[in-house]
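Chains A and B, in that order, are what the protein sequence lines are.
Mapped onto this note's numbering, the consecutive letters of the first sequence carry residue numbers 38 to 556.
Mapped onto this note's numbering, the consecutive letters of the second sequence carry residue numbers 158 to 246.
Glycine is no exception: its CB is placed at the ideal position from the N, C-alpha and C atoms.
Quick notes on the structure that follows.
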Amino acid sequence: MDAKVTNKKLGLKPRYQTMTRDLGWTTSYQYMDKVFPYDKYEGIKIHDWDNWEDPFRLTMEAYWKYQGEKEKKLYAVIDAFAQNNGQLGVADARYINALKLFVQGVSPLEYCAHRGFAHVGRHFTGVGARVAAQMQSIDELRHYQTQIHTISNYNKYFDGMHNSNHWFDRVWYLSVPKSFFEDAMSGGPFEFLVAISFSFEYVLTNLLFVPFMSGAAHNGDMSTVTFGFSAQSDESRHMTLGIECIKFLLEQDPANVPIVQRWIDKWFWRGYRLLTLVAMMQDYMLPKRVMSWKEAWEMYAESNGGALFKDLERYGIRPPKGWQDACEGKDHISHQAWNTFYTYNAAAPFHTWTPNPEEMDWLSEKYPDTFAQYYKPRFEYYGKKHQEGERFYNTTLPMLCQVCQIPMVFHEPGDPGSICYRETDHDGDKYHFCSDHCKEIFTNEPEKYVQAWLPVNQIYQGNCFPEGTDPTAPGFDPLAAVLDYYEMEVGRDNFDFADSQDRKNFREWNGGVEEEVSP
Amino acid sequence: MSNVFIAFQANEDSRPIVDSIVADNPLAEVVYSPGLVKIDAPNRLVIHRETIEQEVGRDFDLQEIHLNLVTLSGHIDEDDDQLTLSWGH
């Protein structure tokens, strides 16, 4: 047959439509509601899934091609980095501790995201949303793998990275990221999208991946900046999913607006609290600094988030309830977090230190209203005690917030001199919170949050000792038993940087060159 | 008026893309930080495939920008010939 075949390529929109929507169908052997049982109970009303606007119309063919190229670039950098002993070229060995926190607390979240999106990618009735979530699920698995592969080079040389999965499920501060994501994964599919795609990815994730990764580059860590930006190149698709899903939910039915608003209030605050760790990494753990947490917050949250919420006003959405308090916190949270880890460093598998005089000056300059007044004197005092041979370690376990699981270290809004405490009674028990916003999250869903696994409470209940431990034995040391349960190597993984094996090794491998470290 | 932005890894692949954006968006401002180039523009920013093709001297699939894209803001409208970021509908 000689009939001429017209082989005109479809445009982007119809091409994507054909490759995704046309894969869905209305089931006939089973009711659709039985096939997709989870996307009704949250109260979200969807009248027409066809109005779902696909974010970034990337077909599978294009997806594999571009992801393949990204991987080749990344692994070439990782190889070159390892072959050139790149780990010796970072600013100084203190920097490595930011990577420890990353692999302990951030990479496992990528894996949680992979699982979460795989779940919702099965459970939306609308095929457009399913495909977008499935592709994100694959991205997230890639992020977890590339981060593990990149950081494994550092693990050959430095302490505090070898046991991160074990720690993620047990160590006190890692319950903060773990409980954040498990909270999202145990919500319904729409709440998950508003929590992760919108509130976290769209509103907050730039704060983690952009200034911090730029900082990694500035500190000579070419492999981390490459995995960071390689992950972030997927992130812009995820952010678009976040904003498209919000618009879709708000346009489908006015009854969705209050439900979505409550989720935005909740998840903005949950995400903001989680980022306390990142604030500290940025201000204290990058020996060469790119920008302060405060500057990053102003650029990516205030200015960009402000534009976003102005845009969403037309749907009746207002900025999240915690917005004001979060903006006030930009002057404080990194210092409060570093103070906490410095004093609890006996129980944390990475190293801390007091900022050197030059770094104190930088912090005073970047935080003119708060650092010199509230925080510098404490660090100077700690430094002095350390020089006198009395490095301060707090051995009393702190009270934790029932919702964000962070110790009560945040100040009362408007009053930096006092700690913020809130409490409520539920079913005859008292529950404690770090803020009005965490308290409100609890009172909206007490049945969920009374089940929180709070590390400090669990330790006091005797659930965090190795099997067979006898707490009644004479001379029993509970803290040592907890560190044993954590499988931390005491004296290597924990304590001050100044006396660490990491520091000694790094100096030796670099031919004895001293770094600018206090004391 | 709010800004939209787009950021790329600072490398040789991104350079012609950034140049094209600057050519097509007279109000765009380019900010460099280590490893990163960020472009801000008031309210709207458009990327044209044709302009990039003139810069690189070959056919360019607009989705190639994904290889070095780091982040963006605003609503997105994308087809084979252009990608637009904007606020305000």
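Taking one C-beta from the region 232-246 of chain A and one from the region 272-286 of chain A each time, how about it: are there three or more such pairs within less than 8 Å?
A contact exists between the region 232-246 of chain A and the region 272-286 of chain A.
Residue range of the alpha helix (DSSP H) that residue 199 (chain B) falls in?
Walking along the second sequence from the start, residue 199 (chain B) turns up at place 42. That residue, residue 199 (chain B), is in no alpha helix (DSSP H); its beta strand (DSSP E) goes 193-199.
If you compare alpha carbons, which of A:72, A:524, A:80 and A:526 is closest to residue 299 (chain A)?
The residue labelled residue 299 (chain A) in the question sits at position 262 within the first sequence. Taking residue 299 (chain A) as reference, the option from A:72, A:524, A:80 and A:526 with the minimal CA-CA separation is A:80.
Is it true that the region 331-343 of chain A meets the region 237-249 of chain A, where meeting means three or more beta-carbon pairs spaced less than 8 Å apart?
Cβ pair count under 8 Å is three or more, so yes.
Alpha helix (DSSP H) containing residue 378 (chain A): first to last residue?
If you number the first sequence from 1, residue 378 (chain A) lands on position 341. Element bounds for residue 378 (chain A): 370-380.
For a contact meaning CB atoms closer than 7 Å, what does residue 94 (chain A) contact in chain B?
Within the first sequence, numbered from 1, the residue matching residue 94 (chain A) stands at position 57. Near residue 94 (chain A) (Cβ distances below 7 Å), the residues of chain B are 235.
Within 8 Å, strictly: CB atoms of residue 270 (chain A) and residue 226 (chain B):
As a position in the first sequence, residue 270 (chain A) is number 233, starting the count at 1. As a position in the second sequence, residue 226 (chain B) is number 69, starting the count at 1. Contact annotation: residue 270 (chain A) and residue 226 (chain B) have beta-carbon atoms nearer than 8 Å.
Own chain residues within Cβ distance below 7 Å of residue 377 (chain A), not counting five before or after
One-based indexing of the first sequence puts residue 377 (chain A) at position 340. The beta carbon of residue 377 (chain A) sits closer than 7 Å to those of 444 and 446, all from its chain and outside the five residues before and after it, given in chain order.
If we call anything under 8 Å between Cβ atoms a contact, is residue 331 (chain A) one with residue 381 (chain A)?
Here residue 331 (chain A) refers to the residue found at position 294 when the first sequence is read from its first residue. Here residue 381 (chain A) refers to the residue found at position 344 when the first sequence is read from its first residue. Not a contact, by the Cβ cut-off of 8 Å.
Is it the case that the Cβ atoms of residue 348 (chain A) and residue 245 (chain B) are separated by a distance below 8 Å?
For the purposes of this step, residue 348 (chain A) is identified with residue 311 of the first sequence, where counting begins at 1. For the purposes of this step, residue 245 (chain B) is identified with residue 88 of the second sequence, where counting begins at 1. Yes, these two residues count as a Cβ contact at 8 Å.
Residues that residue 191 (chain B) contacts on chain A, provided the C-beta gap is smaller than 7 Å
Within the second sequence, numbered from 1, the residue matching residue 191 (chain B) stands at position 34. Below the 7 Å Cβ cutoff, chain A contributes 251, 254, 255 and 327 as neighbours of residue 191 (chain B), in chain order.
Could you name the residues of chain B that residue 464 (chain A) contacts, counting a contact when the two beta carbons are closer than 9 Å?
For the purposes of this step, residue 464 (chain A) is taken as residue 427 along the first sequence, with counting starting at 1. Result: empty, since nearest Cβ-Cβ is about 44 Å, beyond 9 Å.
For the alpha helix (DSSP H) containing residue 484 (chain A), list its first residue and its last residue.
Here residue 484 (chain A) refers to the residue found at position 447 when the first sequence is read from its first residue. 483-486 is the extent of the alpha helix (DSSP H) around residue 484 (chain A).
Between residue 208 (chain B) and chain A, is the shortest Cβ-Cβ distance under 8 Å, so that the two count as touching?
Position 51 of the second sequence, counting from 1, holds the residue named residue 208 (chain B). Cβ-Cβ to chain A under 8 Å: no for residue 208 (chain B).
Contact between the region 343-358 of chain A and the region 225-244 of chain B is defined here as three or more beta-carbon pairs at a separation below 8 Å; is this criterion met?
Taking a contact to require three or more Cβ pairs closer than 8 Å, the region 343-358 of chain A and the region 225-244 of chain B qualify as touching.
Just to confirm my understanding: we take residue 429 (chain A), look at its own chain, exclude 5 residues before and 5 after, and list those with CB closer than 7 Å. What are they?
Translated into the one-based positions of the first sequence, residue 429 (chain A) becomes position 392. So the qualifying residues of the chain are 380, 419 and 422.
On the DSSP bridge list, what partners appear for residue 452 (chain A)?
The count along the first sequence starts at 1 and reaches residue 452 (chain A) at position 415. In the DSSP output, where bridge partners are listed per residue, residue 452 (chain A) has A:449.
Which chain B residues sit within Cβ distance under 8 Å of residue 103 (chain A)?
Along the first sequence, one-based indexing puts residue 103 (chain A) at 66. Per Cβ cutoff of 8 Å: 220, 221, 223 and 224.
Could you give the distance in angstroms between the alpha-carbon of residue 254 (chain A) and the alpha-carbon of residue 396 (chain A)?
As a first step, residue 254 (chain A) is located in the first sequence; it is residue number 217 there, counting from the start. As a first step, residue 396 (chain A) is located in the first sequence; it is residue number 359 there, counting from the start. Near 19 Å, if we compare the C-alpha coordinates of residue 396 (chain A) and residue 254 (chain A).
Between the Cα of residue 21 (chain A) and the Cα atoms of A:498, A:374 and A:191, which residue gives the shortest distance?
The requested residue 21 (chain A) does not occur in the structure, where chain A is confined to residues 38 to 556.
Partners in chain B for residue 277 (chain A), counting only beta-carbon separations shorter than 7 Å
Mapped onto the first sequence, residue 277 (chain A) falls at position 240. Contact of residue 277 (chain A) with chain B by beta-carbon distance below 7 Å involves 233.
Should residue 170 (chain B) and residue 219 (chain B) be called a contact, given that it needs their Cβ atoms to be closer than 8 Å?
Taking the first residue of the second sequence as position 1, residue 170 (chain B) is located at position 13. Taking the first residue of the second sequence as position 1, residue 219 (chain B) is located at position 62. If you check the CB distance, residue 170 (chain B) and residue 219 (chain B) do not come in under 8 Å.
Run through DSSP, which three-state label would residue 392 (chain A) get?
Here the question's residue 392 (chain A) lines up with position 355 in the first sequence. Coil, per DSSP.
Name the one or two DSSP bridge partners that residue 133 (chain A) has.
Translated into positions along the first sequence, residue 133 (chain A) becomes position 96. For residue 133 (chain A), no pairing in a beta bridge is given by DSSP.
What is the rounded straight-line gap between the Cα of residue 324 (chain A) and the Cα of residue 203 (chain A)?
What you label residue 324 (chain A) is simply residue 287 of the first sequence in a count that begins at 1. What you label residue 203 (chain A) is simply residue 166 of the first sequence in a count that begins at 1. Looking at the two C-alpha atoms, the distance is approximately 28 Å.
Per DSSP, what are the beta-bridge partners of residue 228 (chain B) in this structure?
The sequence position of residue 228 (chain B) within the second sequence is 71, counting from 1. Its beta-bridge partners are B:164.
Given a threshold of 16 other Cβ atoms within 10 Å of its Cβ, counted over all protein chains shown, does residue 189 (chain B) qualify as buried or as exposed?
Residue numbering aside, residue 189 (chain B) sits at position 32 when the second sequence is read from its first letter. Label assigned to residue 189 (chain B): exposed.
Who are the neighbours of residue 9 (chain A) on chain B, taking C-beta pairs under 7 Å?
What the structure shows of chain A is the stretch from 38 to 556, and residue 9 (chain A) is not part of that stretch, so it cannot be assessed.
Please confirm whether residue 269 (chain A) has its beta-carbon closer than 8 Å to some beta-carbon of chain B.
Numbered from its first residue, the first sequence carries residue 269 (chain A) at position 232. Yes, contact with chain B.
Using the beta-carbon of each residue, which ones in chain B are nearer than 7 Å to residue 489 (chain A)?
Taking the first sequence and counting its residues from 1, one reaches residue 489 (chain A) at position 452. Chain B residues near residue 489 (chain A): none, gap ~32 Å exceeds 7 Å.
Along the alpha helix (DSSP H) that carries residue 31 (chain A), what are the first and last residues, could you check?
The question about residue 31 (chain A) has no answer here: the residues shown for chain A are numbered 38 through 556.
Quick one: what does DSSP say residue 76 (chain A) is sitting in, helix, strand or coil?
Start at 1 with the first residue of the first sequence, and residue 76 (chain A) comes out as number 39. Assigned with DSSP and collapsed to three states, residue 76 (chain A) falls in coil, not helix or strand.
Are there 16 or more other CB atoms within 10 angstroms of the CB of residue 388 (chain A), so buried, or fewer, so exposed?
Residue mapping note: residue 388 (chain A) aligns to position 351 of the first sequence, counting from 1. A residue is called buried once 16 or more other Cβ atoms fall within 10 Å of its Cβ, and residue 388 (chain A) is buried on that count.
Out of curiosity, what's the CA-to-CA distance linking residue 543 (chain A) and residue 535 (chain A)?
Here residue 543 (chain A) is taken as the residue at index 506 of the first sequence, counted from 1. Here residue 535 (chain A) is taken as the residue at index 498 of the first sequence, counted from 1. About 12 Å.
Express the C-alpha separation of residue 511 (chain A) and residue 258 (chain A) in angstroms, rounding to a whole number.
The residue given as residue 258 (chain A) occupies position 221 in the first sequence. The residue given as residue 511 (chain A) occupies position 474 in the first sequence. Going by the C-alpha atoms only, they are around 48 Å apart.
Inter-residue Cα distance where the pair is residue 483 (chain A) and residue 386 (chain A):
By 1-based counting over the first sequence, the position of residue 483 (chain A) is 446. By 1-based counting over the first sequence, the position of residue 386 (chain A) is 349. Within the model, the alpha-carbon separation for residue 483 (chain A) versus residue 386 (chain A) is close to 32 Å.
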